[in-house]
Each structure stands twice: as C-alpha cells, then as structure tokens.
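Using the numbering used here, the first residue of the sequence shown is number 5, and each one after it goes up by one.
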Amino acid sequence: MTFDDATRRLLDGKNFASLSTLNPDGGPQSSVVWMLRDGDALLFSALDGRRKVRNLLRDPRVSVTVFDLDNPYHSVEIRGRATVSDDPDRELPDRLSRKYLGASPPPEPAELRRVVIRVLPERINTFAV
C-alpha cells in the first residue's frame, strides 16, 4: 500500500502517532510516539525490552493513528505489520529529535539498546473535513 499526498504531508509534519500493539492476553497496548515516514513505511524508535517491542516480536500486527495538530479533523489510521531491528548507532532517535525539536537528543547511557520499529501498511483509513 502507498500513502497519498495528503497522508504524506500529515506524516511528515510534527504530529504525534499513537502506536497500538497486542498484549499477550490479546488486549491493546498504546503508546504516543514520535515517528518518521520512510517512503511508504513508518519508523519508530524504542528501547529494547519495552512492552511494545516485546509485543511486536511476539505478534507483528500493529495499528497507528496520527491526527493533524492544526486540524484534528484530519487523521489517518494505518494497520499493518511491524519489524524490529537493532539501531546500534542510534541514528533514528537523532533524526526524530531533529524533526520534532530541531536539535539532537541528549546522550543516553551506553548500556541502553535502541531498536527501530518499521511498519509496513496493509490498510490505510483516512479522515478529513
């Protein structure tokens, strides 16, 4: 699936995403996160071992909702599957911080391990007024 131009603009803006995964009991787990569009995929950074990462390693199904901070009546829900990969150089947190804050993030302790969550859309639902 591919994003249309309006969805690309929404995802490229400084809008937050709500990332929903499935807990072991089947219940939802949601996190508000920064995101970056990479073509027709979404990227998120997370600390390894967090609930969302453990959920995705067990069940890659995911739902992501983003709404426009300037017009909350413009939103998109993206359902798809996620992959989790290592980010040893912590490149993605730097890119995300520059997008949202305009500066690099403060250094993190070296023992913290970062991963990249990549979501490939299988269904895209848009809403705009």
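Every residue gets a Cβ at the ideal spot worked out from N, C-alpha and C, and that includes glycine.
These numbers come from a predicted model, not from an experiment.
Separation of residue j from residue i, as counted between CA atoms
{"i": "D91", "j": "S108", "result": "16 Å"}
{"i": "D8", "j": "G30", "result": "31 Å"}
{"i": "E95", "j": "T11", "result": "24 Å"}
{"i": "S89", "j": "V36", "result": "20 Å"}
{"i": "A132", "j": "L14", "result": "11 Å"}
{"i": "T25", "j": "R122", "result": "13 Å"}
{"i": "T87", "j": "L61", "result": "8 Å"}
{"i": "W38", "j": "D74", "result": "17 Å"}
{"i": "P28", "j": "N59", "result": "7 Å"}
Buried or exposed (CB count within 10 angstroms, at least 16 for buried), residue i
{"i": "V120", "result": "buried"}
{"i": "L46", "result": "buried"}
Supposed contact pair residue j and residue i - C-beta distance, whole angstroms, cut 8 Å
{"i": "D98", "j": "N19", "result": "19 Å between Cβ atoms; not a contact."}
{"i": "T6", "j": "D44", "result": "5 Å"}
- prompt: Do the segment 36-53 and the segment 111-129 meet, that is, are 3 or more Cβ pairs less than 8 Å apart?
  reply: yes
query: Given 8 Å as the limit, is there contact between the segment 120-131 and the segment 73-88, that is, 3 or more CB pairs closer than that?
result: yes
field: Secondary structure, alpha helix (DSSP H): runs of 4+ residues fully inside the segment 29-104
entry: 55-62
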